[in-house]
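Please read the structure below before turning to the comments.
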Amino acid sequence: MEIKWYIFLSVALFCIGIIGALTRRNAIIVFMCIELMLNSVNLLLVAFSKMHMHGMGAVFPQYATDAQLFVFFIMVVAAAEVSVGLAIIVMMYRNTHSIDINFLNRLKN
13 MEIKWYIFLS
23 VALFCIGIIG
33 ALTRRNAIIV
43 FMCIELMLNS
53 VNLLLVAFSK
63 MHMHGMGAVF
73 PQYATDAQLF
83 VFFIMVVAAA
93 EVSVGLAIIV
103 MMYRNTHSID
113 INFLNRLKN
């Protein structure tokens, strides 16, 4: 499969994530859109890794899986972000009985 299809899919997923994060007011949907953007970057990272490191794997085998390691760390950071974000959403729901992100200024007290 050619790299242009991976780029097109990744750009489409990233644009959907940006549009969803900017237009939605539900905090859970905003977090899902952020995860969609992170996964589109992961897709591009793995695709470029396979494209560029396929020929270099024989010459420099220690660098053949660097992008996959970055993807793993991005997934770990995304999991931590979701756990902290969901904790914030639960606290927001306890205080305001809504998960609308426009009510975040009420958490200042």
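So for the sequence shown, my numbering puts the first residue at 13; every next one is plus one.
Just so it is clear, CB atoms sit at the ideal spot from N, CA and C, and this is done for glycine as well.
Inter-stretch contact (C-beta, 8 Å, three-pair minimum) for the region 93-101 and the region 21-34 = Below 8 Å, too few C-beta pairs join the region 93-101 and the region 21-34 to call them touching: fewer than three.
Host alpha helix (DSSP H) of F115 (start-end) | To locate residue 115, count along the sequence shown from 1; it is residue 103. That residue, F115, is in no alpha helix (DSSP H); it is neither H nor E in DSSP.
Report yes if the CB atom of L50 is closer than 8 Å to the CB atom of I86, and no otherwise.
-> Walking along the sequence shown from the start, residue 50 turns up at place 38. Walking along the sequence shown from the start, residue 86 turns up at place 74. Result yes, Cβ atoms of L50 and I86 sit closer than 8 Å.
Throw me the rounded Cβ distance for the A79 and F60 pair, which I believe falls under 8 Å.
-> To locate residue 79, count along the sequence shown from 1; it is residue 67. To locate residue 60, count along the sequence shown from 1; it is residue 48. About 7 Å; that satisfies the 8 Å criterion.
What's the call for V89, buried or exposed, on a 16-neighbour Cβ count within 10 Å?
-> For the purposes of this step, residue 89 is identified with residue 77 of the sequence shown, where counting begins at 1. So V89 counts as exposed.
According to the neighbour-count rule (16 or more other Cβ atoms, all chains shown, within 10 Å of its Cβ), is W95 buried or exposed?
-> Position 83 of the sequence shown, counting from 1, holds the residue named residue 95. First, the residue type needs correcting, since residue 95 is Ser and not Trp in the sequence shown. It counts as exposed.
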